[in-house]
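Under our numbering, the first residue of the sequence shown is numbered 3, with each subsequent residue one higher.
Glycine included, C-beta positions come from ideal geometry on N, C-alpha and C.
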Amino acid sequence: METAVGVLSSRRVDIEVDYGKTLKRLLREAKFNSRPAAINSKNFSFQVQPGRKEKVFIKLFSFGPRTLTEIAFQEMAKKRWRQLDIREALTLAAQHPDLQIERPIVVLGANIVSYSRSERRYALYLDGSAVGRYVCLADWGQSWNELCQFAGARKRSIRFK
Numbered sequence: 003m004e005t006a007v008g009v010l011s012s013r014r015v016d017i018e019v020d021y022g023k024t025l026k027r028l029l030r031e032a033k034f035n036s037r038p039a040a041i042n043s044k045n046f047s048f049q050v051q052p053g054r055k056e057k058v059f060i061k062l063f064s065f066g067p068r069t070l071t072e073i074a075f076q077e078m079a080k081k082r083w084r085q086l087d088i089r090e091a092l093t094l095a096a097q098h099p100d101l102q103i104e105r106p107i108v109v110l111g112a113n114i115v116s117y118s119r120s121e122r123r124y125a126l127y128l129d130g131s132a133v134g135r136y137v138c139l140a141d142w143g144q145s146w147n148e149l150c151q152f153a154g155a156r157k158r159s160i161r162f163k
């Protein structure tokens with residue numbers, strides 16, 4: 003199987019994350035047309051931190067056709083970008099809704115195991131079209147197609163390459 007090595011393209015956007023918001027509120031603000039029931043506070047738990055807000059830089063990486071999850075992880079880590087958590091992913095969807103309509107966004111850092119009976123791992127997947135915007139759970143171990151962008155994050159204080 004052929005896999006991509008290296009970044010074909012990237013795009014950077016800024017978001018301001020409010021860590022005081024609950025998952026329910028973040029989902030409501032993102033205004034998705036649909037989402038699976040498995041995206042809930044049981045599967046994606048985090049501590050709400052009232053008053054904490056941070057600017058976060060997001061970079062969307064494109065690696066090419068049939069990119070394996072491990073390759074995307076390695077390539078992003080080489081460039082010192084970490085994976086987004088679910089709060090950052092939903093904030094990205096709310097503050098930049100058109101990005102997921104242009105091309106799907108894979109959020110490898112926001113993942114769950116055992117979403118179904120299969121004991122598989124699933125990643126958050128932001129998708130859309132002219133009809134609407136969706137948040138899904140996609141098989142973490144698959145090879146991703148060339149349309150997929152992988153979201154990486156850095157705090158504002160870190161210098162960029």
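Cβ-based neighbour list, residue i, same chain, cut-off 7 Å, excluding 5 preceding and 5 following
i, result
"Asn35", "Gly134, Arg135 and Tyr136"
"Thr24", "Val50"
"Thr71", "Leu110, Trp142 and Gly143"
"Asp129", "Gln102, Pro106, Tyr136 and Cys138"
"Phe75", "Leu110"
Rounded straight-line distance, which links the Cα of residue j to that of residue i
i, j, result
"Phe152", "Phe48", "22 Å"
"Asp141", "Tyr124", "5 Å"
"Gln85", "Arg30", "23 Å"
"Tyr21", "Val58", "12 Å"
"Phe63", "Glu121", "28 Å"
"Arg54", "Leu28", "15 Å"
"Lys61", "Gly143", "22 Å"
"Ala40", "Asp87", "16 Å"
"Lys80", "Asp100", "28 Å"
8 Å Cβ shell around residue i - same chain, five flanking residues per side excluded
i, result
"Leu26", "The question names Leu, but residue 26 in the sequence shown is Lys. Answer for Lys26: Ser43, listed in chain order."
"Ala132", "Ile103"
"Tyr127", "Pro106, Ile107, Val108, Val109, Val137, Cys138, Leu139 and Ala140"
Contacting residues, own chain, Cβ-Cβ under 6 Å from residue i (five flanking each side not counted)
i, result
"Cys150", "Pro106 and Val108"
"Glu148", "Gly66 and Pro67"
"His98", "Val15"
Beta-carbon proximity check, residue i vs residue j, cutoff 8 Å
i, j, result
"Ala1", "Ala32", "Outside the modelled stretch of the chain, which goes from 3 to 163, sits residue 1, for which no answer is possible."
"Glu77", "Lys157", "no"
"Cys138", "Pro52", "no"
"Thr69", "Ser145", "yes"
query = Quick one: any contact between the region 38–47 and the region 13–23, if contact means 3 or more CB pairs under 8 Å?
reply = no
task = Answer yes if the region 86–93 comes into contact with the region 102–117, meaning at least three C-beta pairs across the two stretches below 8 Å, and no otherwise.
result = Touching, per the Cβ criterion.
ask   = In the region 100–140, which residue ranges form an unbroken beta strand (DSSP E) of at least 3 residues, counting only runs that do not cross its ends?
value = Within the region 100–140, the complete beta strand (DSSP E) segments of 3 residues or longer fall at 107–115 and 123–130, listed in chain order.
request  = Counting only runs of 3+ residues fully inside the region 8–50, write out the beta strand (DSSP E) ranges in chain order.
outcome  = 11–20
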